[in-house]
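> Numbering (this note's numbering), first residue to last: 239 to 496.
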Amino acid sequence: MEKISDIIYEDQNFKCLKIGKIGIMKIKNNVFKIITSLNEYEKFIGYMNVLESDKSISAIVFFNEKRALGNEEFKNYLKNITTDEANDDAFNKLRILNNETRNRKHIIINNIISHIIRSKKIIVNAADGEIVTPFFGAALAADLRLASEETKFILSHSQMNIHPTGAVPYFLPKYLGHAKASQILLVSDKITAKEALDLGLVYEVLPAENYEEQCLEVVNKIISRGDTAIKSTIKMLAYNFQDLVEYTNMEECEYAAI
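1) Rounded to a whole number of angstroms, what is the C-alpha to C-alpha distance between ASN478 and LEU307?
2) Less than 8 angstroms between the CB of VAL288 and some heavy atom of the ligand SAM, yes or no?
3) Under three-state DSSP, which class holds GLU240?
4) Reducing DSSP to helix, strand and coil, say where LEU393 ends up.
5) Hey, could you find the ends of the beta strand (DSSP E) GLU433 is sitting in?
6) If you check the beta carbons only, do LEU437 and VAL456 fall under 9 angstroms apart?
7) DSSP has TYR247 in a bridge; who is on the other side?
8) For the structure I just gave you, are there three or more beta carbon pairs, one from the segment 367–377 and one from the segment 286–298, closer than 8 angstroms?
9) Can you tell me the Cα-Cα spacing of GLU311 and LYS271, whole angstroms?
10) To the nearest angstrom, how far is it from the Cα of MET239 to the Cα of LEU454?
11) For ALA467 and PHE282, what's the separation of their Cα atoms in angstroms?
12) What do you get for THR471, buried or exposed, if any count of 16 or more other CB atoms within 10 angstroms of its CB means buried?
13) Mind checking which residues open and close the alpha helix (DSSP H) that includes LEU410?
14) Go through its chain and collect everything with a Cβ distance to GLU442's Cβ below 7 angstroms, but skip five positions before and after it.
See below:
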């Protein structure tokens, strides 16, 4: 597919661009810097708002570099906010030392999720590679999810003995029911792309080769249906998440120091 891209902003951590009627936010690196630094967060959310306010854009797609949202990034973040004794085999013994950074991370990712839910555009999460718990939650906030065949949603909270963030316990029961969501969150270590497709959590699994181009083709077919149907459907679907703020407030208050 021939594409003419208009790069709006790019740095070492993320890129914001526009291709036709599609806005794109791509996380490249240092995702935990984006969600723990107020300056980086304000920059990221600012460019999300640029796409949101562009009337010529019908959909916003979130891409990520294959390792950008994975377990190694998450482990490095945890090592920076916990006791020195934390290591790959002993995360169940970690003790949080930097609660300010950790609390900021909870609040920022919940704010990003709220922005996704409130968007008047179709929000598509196009996952690739490992996706740890908080970003699994952000993916579940999207209107549609695509995944490469190499995608794995890692239930990292269980492996590291911390509470599940990113509002995963809020979204998952809405999609799968309480029993299945409980089974996944309490027992499972990961969800493969095929398993996510079988569960109805992703709309389509695409080959890894030329993955982003294939995603854009799928999204272009969807938005060709017309803006009136899209905008009215999104607005009506948003009513299912009216209690999201109550949930995220509970998480931020009750689990701030855990």
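Backbone N, C-alpha and C fix where the C-beta goes; we use that ideal spot for every residue, glycine too.
Answer, in terms of the structure:
1) By one-based count along the sequence shown, residue 478 stands at place 240. By one-based count along the sequence shown, residue 307 stands at place 69. Answer to the nearest angstrom: the Cα atoms are 27 angstroms apart.
2) Only the bare structure without any ligand can be found here, which leaves the ligand SAM out of the picture.
3) Within the sequence shown, numbered from 1, the residue matching residue 240 stands at position 2. Its pLDDT being 48, under 50, GLU240 is placed unreliably by the model, and nothing is read from it.
4) Taking the first residue of the sequence shown as 1, we reach residue 393 at position 155. LEU393 falls in the coil class under three-state DSSP.
5) The sequence position of residue 433 within the sequence shown is 195, counting from 1. Premise fails: GLU433 lies in the alpha helix (DSSP H), 431–437, not in any beta strand (DSSP E).
6) Position 199 of the sequence shown, counted from the first residue, corresponds to residue 437. Position 218 of the sequence shown, counted from the first residue, corresponds to residue 456. No, they are not a contact pair.
7) The count along the sequence shown starts at 1 and reaches residue 247 at position 9. Paired residue(s): CYS254.
8) no
9) Residue 311 sits at position 73 when you count from the first residue of the sequence shown. Residue 271 sits at position 33 when you count from the first residue of the sequence shown. Roughly 10 angstroms between the two C-alpha positions.
10) If you number the sequence shown from 1, residue 239 lands on position 1. If you number the sequence shown from 1, residue 454 lands on position 216. With a pLDDT of only 44 at MET239, under the threshold of 50, the placement of this residue in the model should not be trusted, and no figure is reported.
11) Counting from one through the sequence shown, the residue named residue 467 turns up at place 229. Counting from one through the sequence shown, the residue named residue 282 turns up at place 44. Cα-Cα distance, rounded: 29 angstroms.
12) By one-based count along the sequence shown, residue 471 stands at place 233. Its Cβ having fewer than 16 others within 10 Å, THR471 is exposed.
13) On the sequence shown, residue 410 is found 172 positions in, with the first residue counted as 1. 406–414 is the span of the alpha helix (DSSP H), which, as asked, contains LEU410.
14) Numbered from its first residue, the sequence shown carries residue 442 at position 204. Excluding sequence neighbours, GLU442 sits near LEU384, VAL456.
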